[in-house]
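Quick notes on the structure that follows.
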Amino acid sequence: MNVNRAVDEVRRSQCRRAGTEERQLIKGQRYLILGNHENLDADGRGKLDLLLEANEAISTAYILKEQFRALFNYRRQGWARRALANWCELAHASGLAPFQRLARSFTQHCERVCGFVKHGLTSGLIEGFNNLVSRMIHKACGYRDLDYLELKLRHHSVMR
Numbered sequence: 003m004n005v006n007r008a009v010d011e012v013r014r015s016q017c018r019r020a021g022t023e024e025r026q027l028i029k030g031q032r033y034l035i036l037g038n039h040e041n042l043d044a045d046g047r048g049k050l051d052l053l054l055e056a057n058e059a060i061s062t063a064y065i066l067k068e069q070f071r072a073l074f075n076y077r078r079q080g081w082a083r084r085a086l087a088n089w090c091e092l093a094h095a096s097g098l099a100p101f102q103r104l105a106r107s108f109t110q111h112c113e114r115v116c117g118f119v120k121h122g123l124t125s126g127l128i129e130g131f132n133n134l135v136s137r138m139i140h141k142a143c144g145y146r147d148l149d150y151l152e153l154k155l156r157h158h159s160v161m162r
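Okay, so the sequence shown: first residue is 3 according to this note's numbering, each after it adds one.
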């Protein structure tokens, strides 16, 4: 997801700029920041709170990420469009370059971003299947018989 890439880009840039003590706090916390807050245990939440208090840019990036996630809870596309426009304004105002780029992109592709709200579908299953095909072909170093490849793909796709 592009939002996670933007959060990670902010985290890395802050880690490069930080002093020794703050760098130790930031380094190695990638998945803590990118993960969903509700999936963290008490120890993880404590570490996350400490990190967010220590660095304003990372805190802003984390808040923007969480607000973007909330966009997909809307049931009406018009509300989601308005929420996305508000999010883009916040992202521009944040002063964080990765989020400003993202906001420009989301503004241009608002209908695509809000398409999930309208249809409730993602491309996740298709991308997962494409990944399965790529791994199967790579693992076998190329199949000569396409019928056999199709049979293997059907077998593995049913097993999931």
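All residues carry an ideal CB built from backbone N, CA and C; glycine is no exception.
Evaluate cysteine 143 with the Cβ neighbour count: other Cβ atoms within 10 Å of its Cβ, from every protein chain shown; 16 or more gives buried, anything less gives exposed.
Exposed.
DSSP state of histidine 121, grouped into three classes?
The answer is helix: DSSP assigns histidine 121 an H, G or I state.
Kindly confirm or deny that the stretch 103-118 and the stretch 13-32 touch, where touching means at least three C-beta pairs closer than 8 angstroms.
With the rule of 3 Cβ pairs closer than 8 angstroms, the stretch 103-118 does not count as touching the stretch 13-32.
Taking valine 12 as the reference, which of Arg103, Arg156, Gly122, Asp147 has the closest Cα?
Out of Arg103, Arg156, Gly122, Asp147, Arg103 has the C-alpha closest to the C-alpha of valine 12.
Given a cut-off of 8 angstroms, decide if glycine 46 and leucine 54 are closer than it, judged by their beta-carbon atoms.
No. Outside cutoff.
Is it the case that the Cβ atoms of histidine 158 and methionine 138 are separated by a distance below 8 angstroms?
Yes; because the gap between Cβ atoms is below 8 angstroms, this pair is in contact.
If you draw a straight line from the alpha carbon of leucine 50 to that of glycine 117, how long is it in whole angstroms?
Leucine 50 and glycine 117 have their C-alpha atoms some 32 angstroms from each other.
So, for leucine 73: in the same chain, excluding its five sequence neighbours on each side, which residues have a beta-carbon less than 7 angstroms away from its beta-carbon?
Closer than 7 angstroms at the Cβ level, and outside the excluded window around leucine 73, lie Ala82, Ala85, Leu86, Trp89.
Mark alanine 93 as exposed unless 16 or more other C-beta atoms lie within 10 angstroms of its C-beta, in which case mark it buried.
Taking a 10 Å sphere around the C-beta of alanine 93, we find 16 or more other C-beta atoms and assign the residue as buried.
Closest residue to phenylalanine 70 among Asn4, Asn41, Ala56 (Cα-Cα distance)
Minimum Cα distance to phenylalanine 70 is reached at Asn4.
Complete runs of the beta strand (DSSP E) confined to the stretch 85-132 [at least 3 residues]
DSSP runs (the beta strand (DSSP E)) wholly in the stretch 85-132: none.
Nearest-angstrom Cα separation, counted from asparagine 75 out to valine 119
Each residue's CA atom was taken as its position, placing valine 119 and asparagine 75 some 8 angstroms apart.
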